[in-house]
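Reviewing the structure listed below.
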Amino acid sequence: MARVFDDVAECVEDTLKRVGPHIVLALPLGVGKPNPLANEFYRRARRDASLSLKIFTALSLRAPQWNGELERRFLEPLAARLFGGCVPLDYVTDLHGAGVPDNVQIVEFFLDPGALLNVAHSQRHYVSSNYTHVARDVAAQGVNVLGQLIAKRTVEGRSEYSLGSNPDVTIDLLRALAPQRQAGREVVVIGEVNRQMPFMFGPAAVDPETFDSLLEHPRYEYDLFAPPNQRLTTVDHAIGLYGARLVRDGGTLQIGIGELGDAVVYGLQLRQQQNVEFREILQGLKAEERFGSTLDAVGGAAPFEAGLYGCTEMLVDGFLDLYRSGVLRRRVYDDVRIQRLLNDGAIGERVDERLLAALAREFPSPLSAADFALLQSAGVFRRDCRYLGARIENSDGQSAAASLATPDARRALLAACTGRQLAGGTLLHGSFFLGPRGFYAALRDLPEAERRQFSMCGVSFVNQLDGADQALKIAQRRHGRFLNSSMMMTLLGAAVSDGLADGRVVSGVGGQYNFVAMAHALPDARSILTLRSTREKNSKVASNILWTYGNATIPRHLRDIVVTEYGVADLRGLTDQDAIAALLNIADSRFQDGLKREAQAAGKLRGDHQIPDVHRNNTPRALEERFVLPRARGLFSEFPFGTDFTSEEIVLAKTLTRLKERTAGGWPRVKAFVGAAASRGIPAAVKPYLERMSLIAPKTRQEWLWQRLLVRELRDIA
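Residue numbering for the sequence shown follows the numbering used here, beginning at 14 and increasing consecutively.
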């Protein structure tokens, strides 16, 4: 039995007595970290140099930070409102400040995206591992403490526990550490209870004996870190439409976090609920004219009838939106025979003569006790039935032969022993989740029968086909469409998603490689990498499609489908020349000729190659024009799934971003300041924004200048 602590210091002290002064602590990524527990271990090591602490983890999150007084005025109240109830991680604070002490190492396999580019400790201690290899790599480093934030519930007086948001690596790591523990090596598994953590089912629901120690007290309850939904731009929405058009009805879906994933969800909902409008906007984008053969061969445009099943390392809140809108409704089952029959259309989910006759071809007669138990768990036989030798008996004492072989035998079973429809199906297999506050609340409030259809499990199941259940995974993941985002793409089809050419890490490989490789391994799956065609910094626009780049996350030999706001490039099986031509067709037209010349100079593209005229109008202005009428009808809003930002904060965020670009340096900076100083008056519509920034009544010349800059920018936006 686990020892229960109500004081974190006592829990850590007890752990140190068991494992000694050299702590190798494994923590989940994201919100699965037990922050008070992690902080106590770190504070001990910071105070006592005789202790050594190595933390293996990923995605160590912190509230938004600001640079300068103007950003502080915007972000500080927002951070207090959205993240004030969270417990910050002390080691993250120190990484961004004075640094961690010499006796501490923070080792991560996935970094907070973009936040640690200039933090030397994090760059030096990054581990580049596929998500499916992390448990192996961590176990090999001598982990002796595993800490996890967990959910708890009480059922008929019994305490039950769930790994909640993060069974991803923990399940696989516990399996990897089992031989060491059985051999007598001390490994302490600690669960910290937080009742805000949704209680998730599937393999995430673990036996109480999983834990050696439990930390539980109301003072350690805190808000889960909840990043708000971000704004979707026209570029994002265009990518989402193409992504939604590439998804096959009756198939499998994986998407990641962020704006592009949200845009795909919105596109799928539009396809399902407003199909005429979905087709009209694609027609306006000339999608069918330019890419129709690929779109038809890979995806579909009609509303979903069979629906989708989710197989995704990250359960994003968009999947709940797809569930509510009837898109996520294809259930999969844990027996490969049943799953194949469903795939082939030989059976439906209703238990009837047709289903039993199909099962007769897959199961022997008479049924064995094991066969009966399997079929009962799948809902074929009622829960009140039991297996008695060669017969099956219900709670009323009626029985029938345990045989599916003949019509008479099947009729007898249908009359006395069978259920009405298959049970225990899964709508989604996921490995971790992270999202806005409303997402966590929705998961907690979801009725148990529905929540059980969202099975949380290890990445060894979700992210790969390998293992004893490979045949089942292949059957479940039919028509897989795995959508992930990239930062850049080379013209030869290599994707840059995790780092820069100088070796610095932006985020990490995560599971992207896993899903790309799986798309090539499955018989009818496709990898779809999405990216914005350009990026802008300091008022300078650069192409995200490049001739070459000094880092690659996905190598060119795994190239598949690439989507930008300007269309779709199907690269699978193409020659280098044809792949280059396809990517040029979806590049921003301002960069097409330069990219073409680079490819020609390298001898990879014919000297007389011409980019078709139909692909020559890939410009932001042309794209925006195609969304004017749909937006006038209320479609493609910036926050289609709502947001935790206030209306003033939404406007101010755009205003401050534009102001930062205008005042970055040089003549634009001078022009901005002169224009601001010359402005007079405060329009009534602008006053709420100045009040939010505490600039309605400036007290210093600096505040007066900030006020005038904001007024000048807000005249057009507000």
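From the three backbone atoms N, C-alpha and C, an ideal C-beta is built for every residue, glycine too. Computed from a predicted structure; not experimentally measured.
- request: Enumerate in chain order the residues of its own chain whose CB-to-CB distance from tyrosine 562 is below 8 Å, with the five nearest sequence positions on each side excluded.
  value: Only Met501, Thr503, Ala507, Val509, Ala514 meet the Cβ criterion.
task: Give the straight-line distance between the Cα atoms of alanine 371 and proline 49, rounded to the nearest whole angstrom.
output: Each residue's CA atom was taken as its position, placing alanine 371 and proline 49 some 54 Å apart.
task: Just tell me which of Arg714, Leu672, Thr713 has its CA closest to the CA of valine 724.
output: The shortest CA-to-CA distance from valine 724 to any of Arg714, Leu672, Thr713 is the one to Leu672.
message: Quick check on DSSP: helix, strand or coil for cysteine 324?
response: Residue state for cysteine 324 is assigned as strand, using DSSP reduced to three classes.
task: Return the residue from the list Arg610, Leu417, Met531 that minimises the CA-CA distance to arginine 539.
output: Of the candidates Arg610, Leu417, Met531, Met531 places its Cα closest to the Cα of arginine 539.
DSSP state of tyrosine 233 mapped onto helix, strand, coil: Three-state DSSP puts tyrosine 233 in a helix.
query: Start and end of the alpha helix (DSSP H) containing isoleucine 593?
result: Note, isoleucine 593: alpha helix (DSSP H), 589-597.
query: Roughly how many angstroms lie between the CA atoms of valine 113 and leucine 485, to the nearest whole one?
result: So the two alpha carbons sit approximately 46 Å from each other.
- request: Using the Cα positions of leucine 159 and alanine 133, report the straight-line distance between them to the nearest angstrom.
  value: When rounded, the distance between both Cα atoms is 26 Å.
- prompt: What is the DSSP secondary structure of glutamine 613, counted as helix, strand or coil?
  reply: In the three-state scheme derived from DSSP, where H, G and I count as helix and E and B as strand, glutamine 613 is classed as helix.
- request: May I ask you to verify whether the segment 226-241 touches the segment 621-633, counting CB pairs closer than 8 Å and requiring at least 3?
  value: Too few Cβ pairs lie closer than 8 Å, so no.
Which of helix, strand or coil DSSP assigns to threonine 543: Strand at threonine 543.
message: Just to confirm, is the Cβ distance from asparagine 564 to glycine 580 under 8 Å?
response: By the CB criterion at 8 Å, asparagine 564 and glycine 580 fall outside the cutoff.
- request: Please name the residue, chosen from Leu129, Ala93, Gly97, that lies closest to aspartate 107 on a Cα-to-Cα basis.
  value: For the residues Leu129, Ala93, Gly97, the minimum Cα distance to aspartate 107 belongs to Leu129.
task: Give the single residue among Pro126, Cys470, Trp719, Leu441 whose Cα lies nearest to the Cα of glutamate 463.
output: Comparing Cα-Cα distances from glutamate 463 to each of Pro126, Cys470, Trp719, Leu441, the minimum goes to Leu441.
message: In whole angstroms, give me the CA-to-CA distance for threonine 543 and leucine 496.
response: The straight-line gap from Cα to Cα measures roughly 7 Å.
- prompt: Would you report the Cα separation of leucine 335 and alanine 51, rounded to the nearest angstrom?
  reply: Annotation: leucine 335 to alanine 51 spans about 35 Å, alpha carbon to alpha carbon.
message: What would DSSP say about leucine 559, mapped onto helix, strand or coil?
response: Residue state, collapsed to three classes: strand.
- request: Determine the contact status of glycine 320 and arginine 342, defining contact as a CB-CB distance below 8 Å.
  value: In contact: glycine 320 and arginine 342 (Cβ atoms closer than 8 Å).
query: Where in the segment 158-239 do unbroken runs of the beta strand (DSSP E), each at least 3 residues long, occur, reported from the N-terminal end onward?
result: Within the segment 158-239, the complete beta strand (DSSP E) runs of at least 3 residues fall at 158-168, 171-175, 201-206, 226-228.
query: When the Cβ atoms of the segment 116-123 are set against those of the segment 70-80, are three or more pairs found closer than 8 Å?
result: Taking 8 Å as the limit for Cβ pairs, the verdict is that the segment 70-80 does touch the segment 116-123.
- prompt: Which residues in the same chain have their Cβ closer than 7 Å to the Cβ of alanine 612, if we skip the five residues on either side of it in sequence?
  reply: Answer for alanine 612: Leu504, Trp560, Ile593, Leu618, listed in chain order.
field: Cβ pair count under 8 Å reaching 3, the segment 210-224 against the segment 175-183
entry: Because the criterion of three Cβ pairs below 8 Å is met, the segment 210-224 and the segment 175-183 touch.
- prompt: Would a C-beta distance cut-off of 8 Å place threonine 566 and aspartate 511 closer than the cut-off?
  reply: Threonine 566 places its beta carbon less than 8 Å from that of aspartate 511.
- request: Starting from valine 44, trace the beta strand (DSSP E) both ways and give me its first and last residue.
  value: It is not in any beta strand (DSSP E) - valine 44 carries neither H nor E in the DSSP assignment.
- request: Would you mind stating whether glycine 447 and valine 44 have Cβ atoms separated by less than 8 Å?
  value: According to the sequence as given, residue 447 is leucine; it is not glycine. A Cβ-Cβ contact shorter than 8 Å links leucine 447 with valine 44.
field: Endpoints, the alpha helix (DSSP H) within which glutamine 296 is located
entry: Annotation: the continuous alpha helix (DSSP H) that includes glutamine 296 extends over 288-297.
message: Just list the residues that DSSP pairs asparagine 497 with in beta bridges.
response: For asparagine 497, which the question treats as bridged, DSSP gives the partners Leu542.
task: Find out if the Cβ-Cβ distance for the pair arginine 490, threonine 265 is shorter than 8 Å.
output: Yes. Within cutoff.
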